[in-house]
Every structure is written in structure tokens, then in C-alpha cells.
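Q: In our numbering, the protein residues as written are 5 to 165.
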Amino acid sequence: MKLPPRYQYGDGPIEINAGRRTLKVTVRNTGDRAIQVGSDYHFFEVNSALEFDRDITLGMHLNIAAGTAVRFEPGGTHEVELCTYAGTGRLHGFSGLLNGSVKSHPARVEAVGRALRRGFRGAGQEESGQGTGGAAGKAGSDKTDAKKDKKDKKDTKKGSN
Numbered sequence: 005m006k007l008p009p010r011y012q013y014g015d016g017p018i019e020i021n022a023g024r025r026t027l028k029v030t031v032r033n034t035g036d037r038a039i040q041v042g043s044d045y046h047f048f049e050v051n052s053a054l055e056f057d058r059d060i061t062l063g064m065h066l067n068i069a070a071g072t073a074v075r076f077e078p079g080g081t082h083e084v085e086l087c088t089y090a091g092t093g094r095l096h097g098f099s100g101l102l103n104g105s106v107k108s109h110p111a112r113v114e115a116v117g118r119a120l121r122r123g124f125r126g127a128g129q130e131e132s133g134q135g136t137g138g139a140a141g142k143a144g145s146d147k148t149d150a151k152k153d154k155k156d157k158k159d160t161k162k163g164s165n
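As C-alpha cells, this is what we get:
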């Protein structure tokens, strides 16, 4: 007799994102609506109303179980733990700030420049010295940025991510 498929768990605790670099960041929601961030969302590119040192979060996501999320209430402050992405380090999509490798200095500089131009709070702070070397403000603009700027302002009002 064949048994139906099932999950079989081990005896010990399960450690998620084992062996990855982690970082704790304090985040404040400056918006007027709650913002929810999913487990795999590139934290650097979360809603522009969330204020934190964005530069140090390039290439990181929440260090929580897949499929879960953290909710940031309006005016509230929350400390979260982030971890680096596994794989090649190429990220595309999200808010369109970084479309390339987190290991590429020019891509990082351009991502911070886009965040600054679009009003993402906390971009360009470089408190940790791990940022982009101060070149973010020199990054060029493109036509796509103007369209994204308008969309970002609307999304901030809605409290979306």
C-alpha cells in the first residue's frame, strides 16, 4: 500500500536563511497609512514613506519565513532584521530603483540616485560607510524616472508598497 505524500519534519529547530549576512535596521513609517512589507521584497526599494538608512540595505530582504510580512503602522517605529539574498545578486523589478547586480558599484550608485530623485526617505545617508561613496547625487536621470516619480508620489499617499 502506497502512503499519500506528506511532510516529515526533523527534531531540531529550523533556521531560515542560514549562513547569510544579517543586519538590524530601525524603520519609521512617516506615512498616514499602514505599510506591509513581504518577506522577499528588496528592502532598499520598499515604500518611500518608510524612513531608514536605505543605502546599507541594498541587496537585502526581511529575515523572516517566506510568505510572511511585517506591518508598519503610521507614525510607528519598528526594528527589523534583514539578510542578504542568495544567488547571483541580480535584482529586477520591485520599485525599479536597482535593476542589476548589487555587486556592481555603478548600479548601486544609480539606485541610490534614483531613490533620492524619487523622494525615498533615508536614501543617501551612508551612516555606516558601506554606501556608494557619495556619488549617488551625481547619478544621471532618465525618462523612466519622471514617470516613476509620479507613481511613487501616488503610492505614498495610498500607503502601498
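C-beta: ideal position from N, C-alpha, C; glycine also.
Values in this document were obtained by computation on a predicted structure and should not be read as measured data.
Have a look at Y89, L102, A115, A127 and flag the residue whose alpha-carbon is nearest the alpha-carbon of R25.
A: Y89
Q: Would you identify the three-state DSSP class for T61, choosing helix, strand or coil?
A: helix
Q: Kindly indicate which residue of A38, S52, P17 has the alpha-carbon position closest to the one of R118.
A: Residue S52 holds the alpha-carbon nearest to the alpha-carbon of R118 among A38, S52, P17.
Q: Take K107 as the anchor and find which of E114, F98, R94 has the nearest alpha-carbon.
A: R94
Q: In three-state DSSP terms, what is H46?
A: coil
Q: Touch check for the segment 78 to 87 and the segment 5 to 18: three-plus C-beta pairs under 8 angstroms?
A: no
Q: Just checking, does the segment 57 to 71 make contact with the segment 25 to 34 on the three C-beta pairs under 8 angstroms criterion?
A: yes
Q: DSSP state of A139, grouped into three classes?
A: The predicted model places A139 with a pLDDT of 40, which falls under 50 and marks its position as unreliable, so this point remains unresolved.
Q: Looking at the secondary structure, which residues open and close the alpha helix (DSSP H) in which V116 lies?
A: For V116, the enclosing alpha helix (DSSP H) has its first and last residue at 109 to 121.
Q: Would you mind sorting D20 into buried or exposed? The rule is 16 or more other CB atoms within 10 Å of its CB.
A: Per the sequence shown, the amino acid found at residue 20 is Ile instead of Asp. I20 is exposed by the Cβ-count criterion.
Q: Under a three-way DSSP split, which group does G126 fall into?
A: coil
Q: Just verifying my parser: in three-state terms, what is the DSSP assignment at E85?
A: Here E85 sits in strand by DSSP.
Q: Please identify the residue among V113, G23, R37 whose C-alpha is closest to the C-alpha of I60.
A: V113
Q: Pick out whichever of G79, G91, L120 has its Cα sitting closest to the Cα of S99.
A: L120
Q: In terms of residue numbering, what span does the beta strand (DSSP E) encompassing T31 cover?
A: Here residue 31 turns out to be Val, not Thr, going by the sequence shown. Unbroken beta strand (DSSP E) run through V31: 26 to 33.
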